[in-house]
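J.: Going by full-length UniProt numbering, the sequence shown runs without a break in its numbering and finishes at 280.
Provided herewith is a single structure, encoded as structure tokens, for subsequent inquiry.
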Amino acid sequence: MFDVPYGVFECFTNATTAILKNSKINPVELYKFNWDFFYNSQYDFISGNVDNLVLLQFARNHYGMEFQELEFGDIPDHEYTIVALNSFYVPYMTDLYQIADQLHYVIARKQKDEFEIIDPFYKIQEKFSGKDVHELWSFYSKPVIQIDVSSAGKPSSATAEVVPYILTLDYPHQYESVFQLLSSSLGGIDFGASKNFLESPLFKRYFSSIRTVLKNRETFFEVEKINKASITNVLTGWQAVLKELIKLSSTRRTSGLVDSFERAIHHEVHFLNSFKAIHM
1 MFDVPYGVFE CFTNATTAIL KNSKINPVEL YKFNWDFFYN SQYDFISGNV DNLVLLQFAR
61 NHYGMEFQEL EFGDIPDHEY TIVALNSFYV PYMTDLYQIA DQLHYVIARK QKDEFEIIDP
121 FYKIQEKFSG KDVHELWSFY SKPVIQIDVS SAGKPSSATA EVVPYILTLD YPHQYESVFQ
181 LLSSSLGGID FGASKNFLES PLFKRYFSSI RTVLKNRETF FEVEKINKAS ITNVLTGWQA
241 VLKELIKLSS TRRTSGLVDS FERAIHHEVH FLNSFKAIHM
């Protein structure tokens with residue numbers, strides 16, 4: 001369950017795919033579907049993954065996996081659930097523990113008065129008391145997702161070819177909208193009195209979210225087996241964004257970072273145009 005396809009910011013997707021794989025279901029079609037691009041203004045990070053509900057609906061339609069939302073007090077014993085915790089109080093998340101509040105999804109299986117917590121990204125499988133898990137959950141109080149794989153199986157051979165979710169949207173407009181939001185957010189970064197920007201929660205959040213977008217694209221290209229020459233610009237585009245983010249530690253100027261985002265987005269749209277012309 002610890003072979004994760006995505007970065008730390010896509011913990012919900014990592015948890016879902018871990019449950020599928022533990023049930024002997026190959027989620028390769030989900031990897032092909034899981035391409036989006038949006039900016040979460042509430043938590044101030046970018047994502048390359050589809051929305052959680054869109055992901056679950058795909059798994060239901062494609063694999064027969066069922067799900068339902070529960071209140072924390074309604075979690076049944078011995079069932080797979082996905083629970084949102086607050087990283088600030090999770091000791092094994094050493095990069096965020098007692099440093100920053102961050103929503104983080106894990107797999108949880110209730111066993112009477114305790115929970116077995118499985119965290120695919122951090123490779124953790126530990127027992128927590130029910131009281132501790134409730135306290136970790138209560139900061140965000142997100143609905144608990146119960147997963148039922150009892151009727152799940154391999155996708156039908158008659159299923160239509162799976163294409164990236166973003167191709168079902170007006171993706172050029174979406175990329176442009178996200179870029180405008182990002183430009184505004186990045187231009188307003190307050191470096192404050194921080195002597196080491198690279199150790200700040202803001203840097204760690206941005207670096208992790210951008211790295212997660214890159215990891216998403218790497219996973220997609222790996223399962224699609226696309227010619228390397230066709231994807232180099234996409235991957236190097238996001239690598240350049242990471243380099244520009246690190247440079248902020250010394251320059252404190254965001255113009256280079258904004259420009260690198262614009263180039264990375266241009267490369268993604270160009271690739272998607274080509275992919276759509278072939279597959280749709």
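Backbone N, C-alpha and C define an ideal beta-carbon position, used for all residues, glycine too.
Rounded to a whole number of angstroms, what is the C-alpha to C-alpha distance between Phe121 and Pro143?
T.: For the purposes of this step, residue 121 is taken as residue 121 along the sequence shown, with counting starting at 1. For the purposes of this step, residue 143 is taken as residue 143 along the sequence shown, with counting starting at 1. About 21 Å.
J.: Quick check on Met280: buried or exposed, where buried means 16 or more other Cβ atoms within 10 Å of its Cβ?
T.: Residue 280 sits at position 280 when you count from the first residue of the sequence shown. So Met280 counts as exposed.
J.: According to DSSP, simplified to helix, strand and coil, what is Asp148?
T.: Counting from 1 along the sequence shown, the entry for residue 148 is found at position 148. Strand, per DSSP.
J.: For Arg60, does the three-state DSSP call read helix, strand or coil?
T.: Residue numbering aside, residue 60 sits at position 60 when the sequence shown is read from its first letter. Residue state, collapsed to three classes: helix.
J.: Can you tell me which of the three DSSP states Ile124 falls into?
T.: Taking the sequence shown and counting its residues from 1, the one referred to as residue 124 is at position 124. Note: Ile124 maps to strand in three-state DSSP.
J.: Would you say Val136 and Leu85 are within 7 Å of each other, going by their C-beta atoms?
T.: As a working mapping, residue 136 is identified with position 136 in the sequence shown. As a working mapping, residue 85 is identified with position 85 in the sequence shown. Sequence inspection shows Leu at residue 136; the Val mentioned does not correspond to that position. Yes, the Cβ-Cβ distance between Leu136 and Leu85 is below 7 Å.
J.: Would you kindly report the start and end of the unbroken beta strand (DSSP E) that includes Asn40?
T.: On the sequence shown, position 40 is the one that residue 40 refers to. 38-40 is the span of the beta strand (DSSP E), which, as asked, contains Asn40.
J.: Under 8 Å, with one C-beta from each stretch per pair, do the region 61-79 and the region 34-48 reach the 3-pair mark?
T.: No, because fewer than three Cβ pairs between the region 61-79 and the region 34-48 fall closer than 8 Å, the two stretches do not touch.
J.: Tell me which same chain residues have a C-beta within less than 6 Å of the C-beta of Ala18, skipping the five on either side of it?
T.: The residue labelled residue 18 in the question sits at position 18 within the sequence shown. Counting only Cβ-Cβ distances below 6 Å, and skipping sequence neighbours, we find Met1, Pro120.
J.: With Ser260 and Val241 assumed to form a contact (beta carbons below 8 Å), what rounded beta-carbon distance in angstroms separates them?
T.: Working through the sequence shown from its first residue, we reach residue 260 at position 260. Working through the sequence shown from its first residue, we reach residue 241 at position 241. With a Cβ gap of about 5 Å, Ser260 and Val241 count as contacting.
J.: If you check the beta carbons only, do Ser87 and Gln98 fall under 7 Å apart?
T.: Along the sequence shown, one-based indexing puts residue 87 at 87. Along the sequence shown, one-based indexing puts residue 98 at 98. No, they are not a contact pair.
J.: From what residue to what residue does the beta strand (DSSP E) around Leu70 run?
T.: Residue numbering aside, residue 70 sits at position 70 when the sequence shown is read from its first letter. Counting along the chain, the beta strand (DSSP E) containing Leu70 begins and ends at 66-70.
J.: Can you check DSSP and say which residues form a bridge with Ala84?
T.: Position 84 of the sequence shown, counting from 1, holds the residue named residue 84. Ala84 is bridged to Tyr105.
J.: What is the DSSP secondary structure of Ser129, counted as helix, strand or coil?
T.: As a first step, residue 129 is located in the sequence shown; it is residue number 129 there, counting from the start. Residue state, collapsed to three classes: strand.
J.: Rounded to whole angstroms, what is the Cα-Cα separation between Leu30 and Glu224?
T.: As a first step, residue 30 must be located in the sequence shown, where it is residue number 30. As a first step, residue 224 must be located in the sequence shown, where it is residue number 224. Their Cα atoms are separated by approximately 12 Å.
J.: Between Tyr206 and Asp113, what straight-line distance do the alpha-carbon atoms span, to the nearest angstrom?
T.: Taking the sequence shown and counting its residues from 1, one reaches residue 206 at position 206. Taking the sequence shown and counting its residues from 1, one reaches residue 113 at position 113. Rounded to the nearest angstrom, the two C-alpha atoms are 37 Å apart.
J.: Would you call Thr232 buried or exposed, if buried means 16 or more other Cβ atoms sit within 10 Å of its Cβ?
T.: Residue 232 sits at position 232 when you count from the first residue of the sequence shown. Per the 10 Å Cβ criterion, exposed.
J.: CB-CB under 7 Å to Ser249, same chain, minus the five flanking residues each way: which ones, in chain order?
T.: Sequence index remark: in the sequence shown, residue 249 carries index 249 (1-based). Closer than 7 Å at Cβ, skipping near neighbours: Phe197, Leu198.
J.: Measuring CB atoms only, is the region 262-277 touching the region 161-171, in the sense that at least three cross pairs come out at less than 8 Å?
T.: These segments touch.
J.: Looking only at its own chain, which residues have a Cβ that is under 7 Å from the Cβ of Ala15, when we skip the five neighbours before and after it?
T.: As a position in the sequence shown, residue 15 is number 15, starting the count at 1. Contacts found: Ile82, Tyr105, Val106, Ile107, Pro120.
J.: So, with DSSP's three-state summary, where would you put Ser260?
T.: Mapped onto the sequence shown, residue 260 falls at position 260. Ser260: helix per DSSP, three-state reduction.
J.: Name the DSSP beta bridge partners of Ser47, please?
T.: Position 47 of the sequence shown, counted from the first residue, corresponds to residue 47. Answer is Phe38.
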